[in-house]
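In our numbering, the protein residues as written are 963 to 1327. From the three backbone atoms N, C-alpha and C, an ideal C-beta is built for every residue, glycine too.
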Ligand SMILES: NC(=O)c1ccc[n+]([C@@H]2O[C@H](COP(=O)([O-])OP(=O)(O)OC[C@H]3O[C@@H](n4cnc5c(N)ncnc54)[C@H](O)[C@@H]3O)[C@@H](O)[C@H]2O)c1
């Protein structure tokens, strides 16, 4: 099996966790049954087969640095999984800034916020071609509409697959999806649904309530965290698509939509000392037999960024399988399984079955 050649856009906490996690599995080897993965071997590809060949960022503490150092540069603050990353031979390149950094981010101390470098951007298409990248992981901040579109355009120009881990709607936009389909480039997006995060949990419990005949009245999902993702989302004007992505992910599992006013879901506050720890507070109110009230309160605490690595590692390998099989356009099953805002919402248990069929080649996408 050939290696899967990755380009990373945004060497933040998620990218850092993914690379550290890959190193963790590389060292665990095949003797021990690997834990914490949905698939160790996916269609013949293993964690060892992923290789980063180029990386873009705009932060002065990351650009021009070897990738293995940039992963630990501030303001990254996720838990350390593997401190001794190998020498990848990849230098982080200056990307195109556009709307990547929100104005309010400049009001915070450098160790907690982005510090854009004053350097000219490299030629993105040229770097992608030179490196032989096959799949681009887009880890840009929420609200970076123009920047994401710019990198998506570079994918279209160079034939690179886009794995859009954040909530700017590209793969789930019929216009963009048609362009990728026309050029036979497989893509997955949008906005990662973490391995065991607030979205998948909320979906599962709401579905359970509905299936047991409980009339759903109100629900909220409040999330707090102390990483740059949460700091960035203090600017409510950047949040539109994130709220839509998270809310639709929950509404779509219900047999009957709840009135929007009764569903409140979103990032709620930035608590610096939490760092990359995310806490989710979930409440569901309903009515059971003969209208008798039932309430559920739940609190979940997770390390945010490794939680995305646990699904991205599968989406990457499905994209590679599609490239091997010359399939282009959005991959419906793996997108529904791993993304909050896929082109098509499918209940998680059915999406999971379809992913297995996709891997075995029984279905095309
Ligand atoms: N579990 C999760 O952590 C999770 C789940 C779903 C979605 N996401 C989304 O994934 C994205 C990445 O999350 P993160 O925690 O790694 O964020 P982060 O803030 O740690 O990293 C973002 C990186 O992008 C860089 N950047 C900003 N503008 C850029 C540009 N124009 N070009 C290149 N680089 C640029 C920043 O310097 C930073 O290194 C966010 O949008 C987040 O909402 C994360």
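When every heavy atom of ligand 1 is checked, does at least one fall within less than 6 angstroms of the C-beta of residue i?
{"i": "residue 998", "result": "no"}
{"i": "residue 1220", "result": "no"}
{"i": "residue 1300", "result": "no"}
{"i": "residue 1056", "result": "no"}
{"i": "residue 1076", "result": "yes"}
{"i": "residue 973", "result": "yes"}
{"i": "residue 1082", "result": "no"}
{"i": "residue 1269", "result": "yes"}
{"i": "residue 1067", "result": "no"}
{"i": "residue 1190", "result": "yes"}
{"i": "residue 1101", "result": "yes"}
{"i": "residue 964", "result": "no"}
{"i": "residue 1062", "result": "yes"}
{"i": "residue 1135", "result": "no"}
{"i": "residue 1109", "result": "yes"}
{"i": "residue 1127", "result": "yes"}
{"i": "residue 1394", "result": "Absent from the model: residue 1394. The displayed extent of the chain is 963 to 1327, so no value can be given."}
{"i": "residue 1059", "result": "yes"}
{"i": "residue 1310", "result": "no"}
{"i": "residue 1242", "result": "no"}
{"i": "residue 976", "result": "yes"}
Figure out for me which residue from the options has the closest Cα to the Cα of residue i.
{"i": "residue 1206", "options": "1308, 1146, 1222, 1191", "result": "1222"}
{"i": "residue 1070", "options": "985, 1088, 1189, 1260", "result": "1189"}
{"i": "residue 1170", "options": "1320, 1006, 1311", "result": "1311"}
{"i": "residue 1120", "options": "1142, 1137, 1279", "result": "1142"}
{"i": "residue 1074", "options": "1098, 1048, 1100, 1038", "result": "1038"}
{"i": "residue 1012", "options": "968, 997, 986, 1050", "result": "968"}
{"i": "residue 1227", "options": "1244, 1289, 1219", "result": "1244"}
{"i": "residue 1042", "options": "1051, 966, 1238", "result": "1238"}
{"i": "residue 1284", "options": "1325, 1299, 1234, 1046", "result": "1325"}
{"i": "residue 1250", "options": "1131, 1179, 971, 1327", "result": "1179"}
{"i": "residue 1046", "options": "1236, 1138, 965, 988", "result": "988"}
{"i": "residue 1122", "options": "1202, 1065, 998, 1099", "result": "1099"}
{"i": "residue 1102", "options": "1096, 1140, 1018", "result": "1018"}
{"i": "residue 1092", "options": "1052, 1127, 1068, 1110", "result": "1052"}
{"i": "residue 1323", "options": "998, 1005, 995, 990", "result": "1005"}
Which of helix, strand or coil does DSSP assign to residue i?
{"i": "residue 1240", "result": "strand"}
{"i": "residue 1075", "result": "coil"}
{"i": "residue 1097", "result": "strand"}
{"i": "residue 1068", "result": "helix"}
{"i": "residue 1282", "result": "helix"}
{"i": "residue 1260", "result": "strand"}
{"i": "residue 1127", "result": "coil"}
{"i": "residue 1333", "result": "This structure does not reach residue 1333, given that the chain is present from 963 up to 1327, and the question cannot be answered."}
{"i": "residue 1023", "result": "coil"}
{"i": "residue 1311", "result": "helix"}
{"i": "residue 995", "result": "coil"}
{"i": "residue 968", "result": "strand"}
{"i": "residue 987", "result": "helix"}
{"i": "residue 1008", "result": "coil"}
Output the boundary residues of the alpha helix (DSSP H) element that contains residue i.
{"i": "residue 1165", "result": "1160-1173"}
{"i": "residue 972", "result": "Here residue 972 belongs to no alpha helix (DSSP H), and DSSP marks it neither H nor E."}
{"i": "residue 1136", "result": "1136-1144"}
{"i": "residue 1192", "result": "1190-1194"}
{"i": "residue 1033", "result": "Premise fails: residue 1033 is in no alpha helix (DSSP H) and is neither H nor E."}
{"i": "residue 1118", "result": "1107-1120"}
{"i": "residue 1211", "result": "1202-1213"}
Between which residues of its own chain and residue i is the CB-CB distance below 8 angstroms, once the five residues before and five after are set aside?
{"i": "residue 1302", "result": "1129, 1152, 1153, 1154, 1155, 1161, 1207, 1208, 1210, 1211"}
{"i": "residue 1176", "result": "1248, 1249, 1250, 1256"}
{"i": "residue 1300", "result": "1150, 1154, 1155, 1273, 1274, 1276, 1277"}
Under 7 angstroms Cβ to Cβ from residue i, same chain only, skipping five residues before and after it: list those, please.
{"i": "residue 1116", "result": "1086, 1087, 1090"}
{"i": "residue 1081", "result": "1025, 1056"}
{"i": "residue 1297", "result": "1133, 1150, 1151, 1304, 1305"}
{"i": "residue 1159", "result": "1264, 1269"}
{"i": "residue 1230", "result": "1184, 1185, 1186"}
{"i": "residue 1023", "result": "1035, 1036, 1077"}
{"i": "residue 1107", "result": "1061, 1130"}
{"i": "residue 1314", "result": "1299"}
{"i": "residue 1217", "result": "1172"}
{"i": "residue 1001", "result": "1276"}
Please go through the same chain and pick out, in chain order, the residues whose beta-carbon is closer than 6 angstroms to the beta-carbon of residue i, but skip the five residues on each side of it.
{"i": "residue 1271", "result": "979, 980, 983"}
{"i": "residue 1063", "result": "1076, 1078"}
{"i": "residue 1257", "result": "1247"}
{"i": "residue 1204", "result": "1104, 1129"}
Could you please give the first and the last residue of the uninterrupted beta strand (DSSP E) stretch that includes residue i?
{"i": "residue 1230", "result": "1225-1232"}
{"i": "residue 1018", "result": "1012-1019"}
{"i": "residue 1179", "result": "1177-1187"}
{"i": "residue 1054", "result": "1054-1056"}
When every heavy atom of ligand 3 is checked, does at least one fall within less than 6 angstroms of the C-beta of residue i?
{"i": "residue 1016", "result": "Absence of ligand 3 is noted for the structure shown, with ligand 1 being the only ligands found."}
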